[in-house]
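From first to last, the protein sequence lines stand for chains A and B. Those letters in the first sequence? Residues 1 to 179, by the UniProt record's numbering. Those letters in the second sequence? Residues 1 to 179, by the UniProt record's numbering. Notes for the one structure printed next.
2 protein chains.
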Amino acid sequence: MALEHAILVSLTEQAATGYDLARRFDASIGYFWRASHQQIYKTLARMEADGWVSATIEPREGTADKKTYAITDAGREELTRFTAEPSPREALRSDFAVKLRGLADVTAIVEDTRRRRADHVERLDRYEASAKRHYPDPDAVEERERGAYLALRGGILSERMGIAWCDEILDQLETRSDR
Amino acid sequence: MALEHAILVSLTEQAATGYDLARRFDASIGYFWRASHQQIYKTLARMEADGWVSATIEPREGTADKKTYAITDAGREELTRFTAEPSPREALRSDFAVKLRGLADVTAIVEDTRRRRADHVERLDRYEASAKRHYPDPDAVEERERGAYLALRGGILSERMGIAWCDEILDQLETRSDR
DNA sequence: CCTTGCCATGCAACTAGTTGCATGGGTACG
DNA sequence: CGTACCCATGCAACTAGTTGCATGGCAAGG
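Right, dumping it as structure tokens:
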């Protein structure tokens, strides 16, 4: 399970509440790991029990206490252990590819492909803007930012690939049905 | 859930036992959907209860009956319905990207990246061999094979992208630490 | 003052997927 | 004759992730 490790990475950069983490998972970290707030709270509780994070509690009246989590030494150790083990190949699961393979309704698939293409373009724009802003000179990325930079590059390459695939699909399915 | 739909697509091509399906999920369909035999048997049972597939039972002595599943009209309808609905963007979850982002141990990551690169190369070779064998002329792919062809193209593009990403990572992490 | 939206937490019920185990026949090789 | 490998099915226990719901403060704008 890597949600725990994604949280640890995020806490290494900056201590945070569950809510903060959920927002980070909607942004930067969310480029390669999605998580709902429910799952984050659940996981944080388990991680605290395991001693990987520690919480500073700020009591609030009338509502639940605010808990800010920080990574512990045990958490850092666990992160190192995790980094050392070979990462399993991602189980790729694509509803879209299943549909495409079935090709039950060309019109519906063309429509879906256009939607996906637009989504890829939108994300690519965001990633590229982020890259330009944070790392204007790719050859001069600071040591401690290199991981984040390379992860972002993965996002960029992945979106570009998605666009190229959509273009191939549209080319094959549109122009041919027009003829 | 698309495992059900992946099974339906597979059964559209050819009726099969759970065991057959498990092997298909280790090969062609497995390019974009993985499933263990346990999960396939469980899902087939549910699909039969839902009337999407029907089983022909061949009794065997001493061991469990052999069941060959075929898609039903209701199954075909469900597949059409599924194709018509927009496919959700895949939740991308990458242990590797999490590790990379953390960048806790450069040596370990370089090693892991090399392993991943080799895996991508191996898969790319397989996919390209498969493409060459089944679709020697991409412009002359038969109508009913177009979906499978385009899905395979997705696999090819995806592996190429993976290799390119690994190369970037290795370039940044290796040459720089050598200096 | 009321609504909208952000800050902040969490439970409960469910679905999907993984891991480990169990059974047993047939066929091919040494 | 043993062993290994393919064919074939499935249960049980567990882990991860989703969906829906509930609570409540505080600030800004109309």
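By construction, the Cβ of each residue, glycine as well, lies at the ideal position given by its N, Cα and C atoms.
Taken through DSSP and simplified to helix, strand or coil, GLU111(B) comes out as helix.
Pairing TYR69(B) with SER54(B) gives a Cβ-Cβ distance under 9 angstroms. Taking the C-beta atoms as reference points, GLU174(A) is found nearer than 9 angstroms to VAL110(A). Listed along the chain, the chain B residues whose CB falls inside 7 angstroms of the CB of ALA104(A) are LEU79, THR80 and THR83. In this model, ASP171(A) and ARG146(B) are separated by some 12 angstroms (Cα to Cα). Listed along chain A are ASP119, each with a C-beta nearer than 7 angstroms to that of ARG89(B).
Secondary structure note for ILE7(A): its alpha helix (DSSP H) is the uninterrupted segment 3-13. Counting only the Cα atoms, VAL141(A) lies some 45 angstroms from THR107(A).
Taking each of GLY102(B), GLY162(B), LEU11(B) and ALA45(B) in turn and checking the Cα distance to SER28(A), the smallest one comes out for GLY102(B).
Interface with chain B (9 angstroms Cβ-Cβ cutoff): THR12(A) is included. Going by DSSP, ILE57(A) is part of the beta strand (DSSP E) stretching over 53-58. If you check the CB distance, ILE71(A) and ALA15(A) come in under 9 angstroms. Taking the C-beta atoms as reference points, ILE163(A) is found nearer than 9 angstroms to LEU124(A). Taking all protein chains in view, the Cβ of ALA151(B) is crowded by 16 or more other Cβ atoms within 10 Å, so the residue is classified as buried.
For LYS99(B), the nearest CB of chain A lies under 9 angstroms from its own CB, placing it at the interface with that chain. In this structure ASP50(B) is exposed. Its beta-carbon is surrounded by fewer than 16 other beta-carbon atoms within 10 angstroms. Restricting attention to TYR19(B), TRP33(B) and ASP20(B), the CA atom closest to the CA of HIS5(B) is found in TRP33(B).
About 5 angstroms separates the Cβ atoms of LEU157(A) and TRP165(B), confirming a contact at the 8 angstroms cut-off.
Bridge pairing for THR68(A): THR56(A) [DSSP].
In the three-state reduction of the DSSP assignment, ALA16(B) falls in the strand class, which pools E and B. Taking a Cβ-Cβ cut-off of 8 angstroms, the neighbours of PHE96(B) in chain A comprise SER87 and GLU90, given in sequence order. Judged by DSSP secondary structure, PHE96(A) falls within the alpha helix (DSSP H) whose first and last residues are 95-102. By the CB criterion at 9 angstroms, GLU90(A) and ASP95(B) fall inside the cutoff. For ASP105(A), the secondary structure class from DSSP, reduced to helix, strand or coil, is coil. In this structure LYS132(B) is exposed. Its beta-carbon is surrounded by fewer than 16 other beta-carbon atoms within 10 angstroms. Taking 9 angstroms as the threshold, the shortest C-beta distance from ILE40(B) to chain A does not fall below it. With its beta carbon less than 9 angstroms from one in chain B, GLU168(A) belongs to the interface.
Of the candidates GLN39(A), ALA74(A) and GLY154(A), the residue whose Cα lies closest to the Cα of THR12(A) is ALA74(A).
Chain A has a Cβ within less than 9 angstroms of the Cβ of TYR31(B). Our two residues, GLN39(A) and GLU61(B), have alpha carbons roughly 48 angstroms apart in a direct line. Residue state for ARG133(B) is assigned as helix, using DSSP reduced to three classes. Chain B has no Cβ within less than 9 angstroms of the Cβ of LEU124(A).
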